[in-house]
Amino acid sequence: MAGTSDIKELLTRNMRQSGIYVAFVFIIVLFTILTNGALLSPGNLTNLVLQYSYILILAIGMVLIIVAGHIDLSVGSVVALTGGVAAVVVIGHGMPWWLGVLAALGTGVLVGLWQGFWVAYVGIPAFIVTLAGMLIFRGLTMQVLGNVSLSPFPKEYQYISGGFLNGIFGGNGYDAFTLFLGAALIVVFVIQQYRGRLAKLKYKQQVEAFPLFWLKNAAVAVVVMAFAWQLAHSRGLPVVLILLAALVLIYGFVSQRTIFGRHIYAMGGNLQAAQLSGVKTRRVNMLLFVNMGLLSAIAGIVYSARSNSAQPGAGNMFELDAIAAAFIGGAAVTGGVGKVHGAIIGGLIMAVMSNGMQIMGIDQSTQSVVRGVVLLVAVAFDVWNKKRSATGA
Numbered sequence: 084m085a086g087t088s089d090i091k092e093l094l095t096r097n098m099r100q101s102g103i104y105v106a107f108v109f110i111i112v113l114f115t116i117l118t119n120g121a122l123l124s125p126g127n128l129t130n131l132v133l134q135y136s137y138i139l140i141l142a143i144g145m146v147l148i149i150v151a152g153h154i155d156l157s158v159g160s161v162v163a164l165t166g167g168v169a170a171v172v173v174i175g176h177g178m179p180w181w182l183g184v185l186a187a188l189g190t191g192v193l194v195g196l197w198q199g200f201w202v203a204y205v206g207i208p209a210f211i212v213t214l215a216g217m218l219i220f221r222g223l224t225m226q227v228l229g230n231v232s233l234s235p236f237p238k239e240y241q242y243i244s245g246g247f248l249n250g251i252f253g254g255n256g257y258d259a260f261t262l263f264l265g266a267a268l269i270v271v272f273v274i275q276q277y278r279g280r281l282a283k284l285k286y287k288q289q290v291e292a293f294p295l296f297w298l299k300n301a302a303v304a305v306v307v308m309a310f311a312w313q314l315a316h317s318r319g320l321p322v323v324l325i326l327l328a329a330l331v332l333i334y335g336f337v338s339q340r341t342i343f344g345r346h347i348y349a350m351g352g353n354l355q356a357a358q359l360s361g362v363k364t365r366r367v368n369m370l371l372f373v374n375m376g377l378l379s380a381i382a383g384i385v386y387s388a389r390s391n392s393a394q395p396g397a398g399n400m401f402e403l404d405a406i407a408a409a410f411i412g413g414a415a416v417t418g419g420v421g422k423v424h425g426a427i428i429g430g431l432i433m434a435v436m437s438n439g440m441q442i443m444g445i446d447q448s449t450q451s452v453v454r455g456v457v458l459l460v461a462v463a464f465d466v467w468n469k470k471r472s473a474t475g476a
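If you're matching positions, the sequence shown starts at 84 in my numbering and goes up one per residue.
What follows is the structure, encoded as structure tokens:
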């Protein structure tokens with residue numbers, strides 16, 4: 084028979100995922116207090132979205148790579164290379180901005196094909212292939228840009244990262260369109276959650292008690308509308324946030340509801356078993372790295388539009404931020420475990436900590452130490468949770 088869970092069961096059934104949300108709420112509350120509310124001010128929330136959107140885009144692809152049992156150390160260099168290609172096309176040759184976007188996306192796909200070939204068909208570990216890629220693509224960036232920065236981009240290109248949708252539905256001192264989209268998102272989320280609950284009940288699976296179900300949805304609704312309210316009282320809805328939300332929805336669906344997504348988890352959980360069951364591992368690996376190259380290109384476009392320039396040193400250490408977001412978000416070191424929304428939460432945890440410490444005036448060296456400790460604790464928690472599950476505690 085189908086059963087229901089109380090609060091304790093709801094939190095402990097998957098300690099890895101529930102711990103992420105508890106930590107996220109704790110960090111927001113902590114830095115809101117430490118910054119005297121500046122963290123959650125309308126202007127700062129908008130800047131938070133603009134400043135860390137490209138890291139969150141990279142984290143979406145990185146978590147899938149890690150789930151499959153790989154790692155990608157080259158994404159920062161690919162961000163620089165794709166941004167450089169877009170700059171040469173648009174600024175250097177005076178071509179339309181959209182041709183620069185297409186050129187950057189095409190470059191990202193080619194990078195993915197290159198790395199996917201060595202991993203999937205030659206059999207070289209992804210760590211080595213992408214380590215080599217980090218050096219190769221950084222060097223190519225310097226050659227493409229002639230070792231100089233190119234700027235500025237046209238306004239249409241800058242709009243990708245710095246544009247806002249404001250005033251479509253009017254509003255007196257706020258943007259009604261942002262609030263409308265926030266409410267629409269809540270409705271879609273609740274419908275999906277309710278349908279998922281009915282499906283579990285149909286197959287006699289355990290679900291949370293009905294009051295807890297509505298309490299969870301109410302909590303999400305409050306958070307989403309509070310966030311939308313703050314954005315509505317700033318500059319409106321950032322275009323890059325729409326792009327990020329679309330990517331999260333698309334990749335969340337692909338990873339959880341498609342055969343390709345199930346194959347990724349099967350490979351990460353047990354590669355030999357996946358091969359014996361008919362999973363075309365070479366094809367999946369190739370598609371994974373092509374996808375990572377594509378997302379790196381999107382991040383490169385967003386970053387270059389945000390900075391209004393292409394620089395040889397762009398994207399430095401971005402790969403570490405993306406990897407940290409995936410692991411903090413619940414991805415397992417050994418593969419087979421991790422979710423897109425978990426990586427987004429992990430990236431937001433890093434973003435809130437960095438932004439909060441910047442507001443407090445904490446120096447960069449101390450920020451690096453804190454972020455490193457948080458990453459170490461997150462992985463240690465994953466190891467502890469795995470041992471706990473193995474012993475049945």
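Virtual Cβ for every residue (Gly too), placed ideally from N, Cα, C.
Just so we're clear, the structure is a prediction, and the values are computed from it rather than from any experiment.
In its own chain, which residues sit with a C-beta less than 8 Å from the C-beta of residue i, not counting the 5 before and 5 after it?
i: residue 463; result: none
i: residue 168; result: 183, 186, 187, 190, 227
i: residue 371; result: 147, 148, 151, 153, 199, 347
i: residue 84; result: Below a pLDDT of 50, predicted positions are generally treated as unreliable, and residue 84, at 44, falls in that range; the measurement from the model is reported next regardless. Correct list, in chain order: 287.
Considering residue i, what are the terminal residues of the alpha helix (DSSP H) in which it resides?
i: residue 293; result: 293 to 315
i: residue 441; result: 423 to 442
i: residue 225; result: 209 to 228
i: residue 386; result: 364 to 390
i: residue 197; result: 180 to 199
i: residue 345; result: 342 to 352
i: residue 405; result: 401 to 411
i: residue 169; result: 158 to 170
For residue i, does the three-state DSSP call read helix, strand or coil?
i: residue 125; result: helix
i: residue 84; result: Here residue 84 scores only 44 on pLDDT, less than 50, and its place in the model should not be relied on; the value that follows carries that caveat. Three-state DSSP puts residue 84 in coil, outside helix and strand.
i: residue 272; result: helix
i: residue 236; result: coil
i: residue 247; result: strand
i: residue 357; result: helix
i: residue 106; result: helix
i: residue 202; result: helix
i: residue 290; result: strand
i: residue 397; result: coil
i: residue 456; result: helix
Can residue i and residue j be called in contact, C-beta distance under 7 Å?
i: residue 202; j: residue 353; result: no
i: residue 405; j: residue 145; result: yes
i: residue 159; j: residue 421; result: no
i: residue 195; j: residue 344; result: no
i: residue 311; j: residue 261; result: yes
i: residue 458; j: residue 426; result: no
i: residue 418; j: residue 152; result: yes
i: residue 28; j: residue 293; result: Here the chain covers residues 84 to 476 and nothing more, so residue 28 does not appear.
i: residue 172; j: residue 178; result: yes
i: residue 322; j: residue 412; result: no
i: residue 125; j: residue 437; result: no
i: residue 308; j: residue 265; result: yes
i: residue 110; j: residue 445; result: no
i: residue 388; j: residue 157; result: no
Tell me which residues share the same chain as residue i and place their Cβ nearer than 7 Å to its Cβ, disregarding the 5 neighbours each side in the sequence.
i: residue 439; result: 114, 117, 118, 122
i: residue 335; result: 423, 424
i: residue 263; result: 252
i: residue 239; result: 180
i: residue 450; result: 437, 440
Kindly indicate which residue of the options has the alpha-carbon position closest to the one of residue i.
i: residue 329; options: 209, 451, 465, 423; result: 423
i: residue 429; options: 409, 415, 442; result: 409
i: residue 232; options: 427, 393, 403; result: 393
i: residue 222; options: 163, 210, 204; result: 163
i: residue 154; options: 254, 107, 465, 208; result: 208
i: residue 143; options: 338, 156, 229; result: 338
i: residue 193; options: 204, 148, 350, 380; result: 380
i: residue 366; options: 470, 342, 386; result: 342
i: residue 348; options: 415, 296, 306, 302; result: 415
i: residue 434; options: 298, 130, 217, 309; result: 130
i: residue 180; options: 204, 242, 132; result: 242
i: residue 325; options: 249, 108, 468, 289; result: 249
i: residue 112; options: 271, 306, 255, 281; result: 306
i: residue 442; options: 127, 108, 300, 266; result: 127
i: residue 384; options: 283, 165, 105, 134; result: 165
i: residue 340; options: 275, 302, 290, 304; result: 275
i: residue 402; options: 218, 445, 270; result: 218
i: residue 295; options: 280, 444, 309, 308; result: 280
Which residues in the same chain have their Cβ closer than 6 Å to the Cβ of residue i, if we skip the five residues on either side of it in sequence?
i: residue 382; result: 137, 140, 141, 162
i: residue 174; result: 233
i: residue 277; result: none
i: residue 351; result: 150, 151, 152, 418, 419
i: residue 80; result: There is no way to answer for residue 80, as the model of the chain reaches only from 84 to 476.
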